[in-house]
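Trainee: Residue numbers (the numbering used here): 45 to 298. Yeah, the Cβ is synthetic: ideal placement off N, Cα and C, and Gly gets one too.
(1) Out of curiosity, what's the CA-to-CA distance linking residue 231 and residue 66?
(2) Identify every run of the beta strand (DSSP E) within the stretch 144-210, keeping only runs that are complete inside it and at least 3 residues long; order them along the chain.
(3) Write down the C-beta distance between residue 220 and residue 186 rounded to the nearest angstrom, noting that I regard them as a contact closer than 8 angstroms.
(4) So for residue 66, helix, strand or coil by DSSP?
(5) Rounded to the nearest angstrom, what separates residue 51 and residue 198 at their Cα positions?
(6) Could you tell me if residue 294 is buried or exposed, where buried requires 16 or more neighbouring beta carbons within 10 angstroms of its beta carbon?
(7) So what's residue 58 in DSSP terms, helix, strand or just coil?
(8) When you compare only the Cα positions, how much space is there between residue 273 and residue 236?
(9) Restricting to Cα atoms, I'd like to know which of 144, 73, 297, 113 is closest to residue 137.
(10) Please report the distance separating the alpha-carbon of residue 87 from that of residue 75.
(11) Tell me where the beta strand (DSSP E) around residue 215 begins and ends.
(12) Residues in the same chain with beta-carbon distance under 7 angstroms from residue 170, minus the five sequence neighbours each way, listed in chain order, please.
(13) Report the option in 283, 165, 167, 194 whose CA atom is closest to the CA atom of residue 179.
(14) Give the range of the beta strand (DSSP E) segment to which residue 38 is assigned.
(15) Identify every run of the beta strand (DSSP E) within the stretch 88-125, keeping only runs that are complete inside it and at least 3 residues long; order them along the chain.
(16) Skipping 5 residues on each side, what residues in its chain have a beta carbon closer than 6 angstroms to that of residue 280?
(17) So what's residue 252 in DSSP terms, helix, strand or just coil?
(18) Using only the alpha-carbon positions, how far apart do residue 141 and residue 124 sit?
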């Protein structure tokens, strides 16, 4: 959906998009899990795993998550060995997070994450802590909801004797089911991004859901566009949701 998702996420994926959406997990003992893998140019890979749950008398919904960015070993090069010295070095980063979210009233939810961040380059390392928080407000006009998130808010990291500010991001967006029936649903969403270290961006996305694809199987087709980007303007994807038991289900997205 072109990353226009801050006002949409309402399951374990909300840990990434807008942690307030975790509060939509309301049944006692209910849990959701998400795993995402992305492959980027230059042999870079990105993994995200999150587990959201409610438990006993603990207030609200909770989640734990991890994000890992890694790449293949990189050969050492110098002016005398432009093809490599035969040795390699590693680079990558990860974070670990704990999230809490709660419906403060029926239509308004708040979520907060505390994250430990680690950056590594060969023998150099940087560690720090940041917070993410977000809100979702469900209006009483049709199905319009408004989401807001601030991500990576925290002090600068010191890396190789230099200080670098965190890539803080502010996101605000809205979403609405523009068409609904027993077997069909069309969702439209808009999002505005304001990164601290780059130009503002706008994202527009839509999702069509077919509920009568097969009994108990749901098909979703998605598309979106990201404005003011040098790369990755158009985005498309699809998902299939199906039951895996009497009280469990799975969704696979590409």
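Mentor: Well, looking at it:
(1) 19 angstroms
(2) 152-165, 168-182, 189-197, 201-203, 206-208
(3) 6 angstroms
(4) helix
(5) 23 angstroms
(6) exposed
(7) helix
(8) 13 angstroms
(9) 113
(10) 33 angstroms
(11) 213-224
(12) 163, 201, 202, 203
(13) 194
(14) Here the chain covers residues 45 to 298 and nothing more, so residue 38 does not appear.
(15) 88-97, 105-115
(16) 267
(17) strand
(18) 44 angstroms
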